[in-house]
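Number of protein chains: 2
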Amino acid sequence: MLKKERQAYILRQVNLHNRVLSADLSQEIKVSEDTIRRDLAELADMGKIIKVHGGALSQGYHYSLNAQQIYSLDEKRRIAQKAATLIEDGMFVLTTGGTTIIELAKALPPDLKATFFTVSLTAAVEYMRHPNIEIILIGDKLSKNAQITVGGEAQAKIRQIKADICFLGTNAIDTTHGLTENDWEVMQIKKAMVSTAQKVVSLTIAEKVNTAQRIQVCGIHEIHTLITELSPDNQLLKNYIKEGLEVI
Amino acid sequence: MLKKERQAYILRQVNLHNRVLSADLSQEIKVSEDTIRRDLAELADMGKIIKVHGGALSQGYHYSLNAQQIYSLDEKRRIAQKAATLIEDGMFVLTTGGTTIIELAKALPPDLKATFFTVSLTAAVEYMRHPNIEIILIGDKLSKNAQITVGGEAQAKIRQIKADICFLGTNAIDTTHGLTENDWEVMQIKKAMVSTAQKVVSLTIAEKVNTAQRIQVCGIHEIHTLITELSPDNQLLKNYIKEGLEVI
DNA sequence: GATCAATTTGCAGGTCTTTGCAGGCTTTTT
DNA sequence: AAAAAGCCTGCAAAGACCTGCAAATTGATC
Chain A
1 MLKKERQAYI
11 LRQVNLHNRV
21 LSADLSQEIK
31 VSEDTIRRDL
41 AELADMGKII
51 KVHGGALSQG
61 YHYSLNAQQI
71 YSLDEKRRIA
81 QKAATLIEDG
91 MFVLTTGGTT
101 IIELAKALPP
111 DLKATFFTVS
121 LTAAVEYMRH
131 PNIEIILIGD
141 KLSKNAQITV
151 GGEAQAKIRQ
161 IKADICFLGT
171 NAIDTTHGLT
181 ENDWEVMQIK
191 KAMVSTAQKV
201 VSLTIAEKVN
211 TAQRIQVCGI
221 HEIHTLITEL
231 SPDNQLLKNY
241 IKEGLEVI
Chain B
1 MLKKERQAYI
11 LRQVNLHNRV
21 LSADLSQEIK
31 VSEDTIRRDL
41 AELADMGKII
51 KVHGGALSQG
61 YHYSLNAQQI
71 YSLDEKRRIA
81 QKAATLIEDG
91 MFVLTTGGTT
101 IIELAKALPP
111 DLKATFFTVS
121 LTAAVEYMRH
131 PNIEIILIGD
141 KLSKNAQITV
151 GGEAQAKIRQ
161 IKADICFLGT
171 NAIDTTHGLT
181 ENDWEVMQIK
191 KAMVSTAQKV
201 VSLTIAEKVN
211 TAQRIQVCGI
221 HEIHTLITEL
231 SPDNQLLKNY
241 IKEGLEVI
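First to last, the sequence lines map onto chains A and B.
So the first sequence is residues 1 to 248, counted in our numbering.
So the second sequence is residues 1 to 248, counted in our numbering.
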């Protein structure tokens, strides 16, 4: 096998699998690992692959390492757009925190007149920009991790509110475990919201769909509407429709 | 699994769920926790995540409010410095909002362990930077003008708190009218604070000393301590000392 | 086809990286 | 204050890497 051939083969493998190990290639092609290493080094010099200890990665891999400012901002914007259409004048709206909710706050039409209840500082700040929105901040201990208020007081307050709709920035959701979280206090707050709201809407990027965390907020059937950046007829969402959720 | 792959995976998880635990990752990826820790440390060095005890947080999530132009910043800093000396470990501290209070928040020594109650969003955000401060946010309707929560609920909550000390960002003060405000709702909140705190401290730049507004918060004798950027023996403050206030 | 220079390959050895683990320390939780 | 969890340091083994070199291959030329 010629050097050029071999390198072409390697390149194909890298692009196909996104990664290769020198040891594997050496076996497949039946040349020494040194040769593979030299090939990888050359391809890396040409900028066609990324050399790492033990093998190489495809170029595309590099981009996913450079995290953008807010993760999946575009997706979240699209979700926010859809979510905003559910809010009507005069409604009582309950929201958690999180970057998706912030995007929702930004996406609200400026003439919307509604009352927003929130436990999130950052969401509150965002709502303040809107001229016609009344904001009720739910007080209690402030969690430094989640940047929302948590605790018994807050939960009690939430349960007093007869909210028309509740938007949950969602950490993980799947059909068996329902909506799950990684923080006990946050879970309790969300749980309170779910229990008191007429309609529960989960906002989540597709990447988090069908993932689970350790603490359950509520079962899948307690959620009425699921919003992702995908089209509702996407394959990934089939199961949720089957479970009776409205998918937007 | 290659090291870079693993780190990319970790980064993705962090960005997805805002927070990860080393123990979880170690299980998922099936490497030792040490390796995870080393990865997290590296990613943190690169500034892609924030390392915390037991895991890591996503970078983009913890964003701060951009500070606007603050009027007479230097004076307020000096006031904040003096005010910070009044706070001791374990105290319950009550604060309003306003730029002077924000400076106070920034001036707090990092090892101070205390509990802060506040009605101000921006102050709360600032307090969150401090590792050892517990923050209780007092909820209610959010006033867009004052950027603090106002209303009966908030007042009732404030009165329940047995605060050791209360810092009032002050709009106007003179010996005859006492502490005055121009907003009815803000006045009520401050009034509640004055009535419940052991010690009431008014923070004000010299420019506002001997000015009055239309709504009284409290008489001059309900204030225990007055802090300005001036030296306590300054001519301007004589009258307040004569009235029995502690002037710093 | 034979020859020779240039290139390529494999190998030996020594070095560097990565990983897991032990022991002691620090932080957090109870 | 004690117990648990997480962290840090140092260390050792495994694997990957690099350097230099000699053997093998290539290909250009006669």
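Each residue gets a CB set at the ideal place from its N, CA and C atoms; glycine is no exception.
Note that the coordinates shown come from a computational prediction; the quantities given were computed from them, not determined experimentally.
For residue j and residue i, the rounded distance between their alpha carbons
| i | j | result |
| --- | --- | --- |
| Ala197/A | His221/A | 14 Å |
| Glu185/B | Ser143/B | 8 Å |
| Leu65/B | Glu33/A | At Leu65/B, the pLDDT of 49 sits below 50, so the modelled position is not reliable; the number obtained from the coordinates is stated separately. Cα to Cα, Leu65/B sits roughly 53 Å from Glu33/A. |
| Ala206/B | Ala172/A | 53 Å |
| Leu230/B | Ile223/A | 59 Å |
| Ser195/A | Ile189/A | 10 Å |
| Ala192/B | Tyr127/B | 22 Å |
| Arg37/A | Met46/A | 14 Å |
| Thr225/B | Gly244/B | 9 Å |
| Tyr61/A | Gln59/B | 20 Å |
| Glu88/A | Gln235/A | 30 Å |
| Arg214/B | Glu153/B | 24 Å |
| Val247/B | Gly169/A | 48 Å |
| Thr176/A | Leu108/B | 47 Å |
| Ala23/A | Gly54/A | 8 Å |
| Cys166/A | Lys48/B | 32 Å |
| Thr100/A | Val201/B | 40 Å |
| Asn145/A | Cys218/B | 37 Å |
| Asn261/A | Tyr9/A | Here chain A has residues from 1 to 248 only, and residue 261/A is not among them. |
| Lys208/B | Thr95/B | 19 Å |
| Arg12/A | Lys3/B | 22 Å |
| Asp174/B | Val125/A | 33 Å |
| Met187/B | Leu86/A | 37 Å |
| Ala84/A | Val31/A | 59 Å |
| Gln216/B | Asp183/B | 10 Å |
Identified DSSP bridge partners for residue i
| i | result |
| --- | --- |
| Ala172/A | Thr180/A |
| Arg19/A | Leu57/A |
| Ser120/A | Ile148/A |
| Ala256/A | With chain A covering only 1 through 248, there is no way to say anything about residue 256/A. |
| Glu246/A | Thr225/A |
| Val201/A | Phe167/A and Thr225/A |
| Lys141/A | Val150/A and Ile136/B |
| Lys51/A | Ala56/A |
| Thr95/A | Thr118/A and Phe167/A |
| Val209/B | Ile173/B |
| Ile215/B | Glu181/B |
Sequence-distant residues of its chain with Cβ nearer than 8 Å to residue i (five each side left out)
| i | result |
| --- | --- |
| Glu103/A | Leu73, Lys76, Arg77, Ile79 and Ala80 |
| Gln7/A | Asp39, Glu42 and Leu43 |
| Pro110/A | His130, Pro131 and Asn132 |
| Leu237/A | Val209, Leu226, Thr228, Leu230 and Val247 |
Residue i classed as buried or exposed, judged by whether at least 16 other C-beta atoms fall within 10 angstroms
| i | result |
| --- | --- |
| Ile133/A | buried |
| Gly98/A | buried |
| Lys113/B | exposed |
| Glu5/A | exposed |
| Ala56/B | buried |
| Glu181/B | buried |
| Leu203/A | buried |
| Asp233/A | exposed |
| Gln27/A | exposed |
| Met1/B | exposed |
| Thr118/A | buried |
Same chain only: Cβ atoms within 6 Å of residue i, ignoring 5 sequence neighbours per side
| i | result |
| --- | --- |
| Phe92/B | Thr115, Ala163 and Asp164 |
| Gly151/A | Asp140 and Lys141 |
| Tyr240/A | Leu226 and Val247 |
| Lys199/A | Ile165 and His224 |
| Thr20/B | As written in the sequence, residue 20/B is Val, which differs from the Thr given in the question. Result list for Val20/B: Gln13, Val14, Gly55 and Ala56, in chain order. |
Residue i Cβ short of 6 Å to the ligand NAD heavy atom set
| i | result |
| --- | --- |
| Gln147/B | As presented, the structure is devoid of all ligands, the ligand NAD included, so that no description of it is given. |
Residues of its chain near residue i, where Cβ-Cβ distance is below 7 Å and the 5 sequence neighbours each way are ignored
| i | result |
| --- | --- |
| Gln147/B | Gly97, Ser120, Leu121 and Thr122 |
| Lys82/B | Ile227 and Ile248 |
| Lys157/B | Ile138 |
| Lys51/B | Leu40, Ala41 and Ala44 |
| Arg159/B | Ala192, Ser195 and Thr196 |
| Lys242/B | none |
| Ala105/A | Ala123, Glu126 and Tyr127 |
**Asked** What residues in the segment 10-37 of chain B have a beta carbon less than 9 Å from any beta carbon of chain A?
**Response** Leu11, Arg12, Val14, Asn15, Leu16, His17, Asn18, Arg19, Val20, Leu21 and Asp24
**Item:** Contacting positions in the segment 205-230 of chain A - beta carbon closer than 9 Å to chain B
**Value:** Ile205, Glu207, Lys208, Thr211, Gln213 and Arg214
**Asked** Name the residues in the segment 83-109 of chain B whose C-beta lies less than 9 Å from a C-beta of chain A; which are they?
**Response** Per Cβ criterion, the list is empty.
**Asked** What are the residues of the segment 146-167 of chain B that lie near chain A, defined by any Cβ-Cβ distance shorter than 9 Å?
**Response** Gln147, Thr149, Gly151, Glu153, Ala154 and Lys157
**Prompt:** Which residues, in chain order, does the segment 172-190 of chain A contribute to contact with chain B at a C-beta distance below 8 Å?
**Reply:** Along the segment 172-190 of chain A, going in chain order, the ones with a CB nearer than 8 Å to a CB of chain B are Ala172, Asn182 and Asp183.
**Asked** Relative to chain B, which residues along the segment 36-50 of chain A have a C-beta separation below 9 Å, given in chain order?
**Response** Ile50
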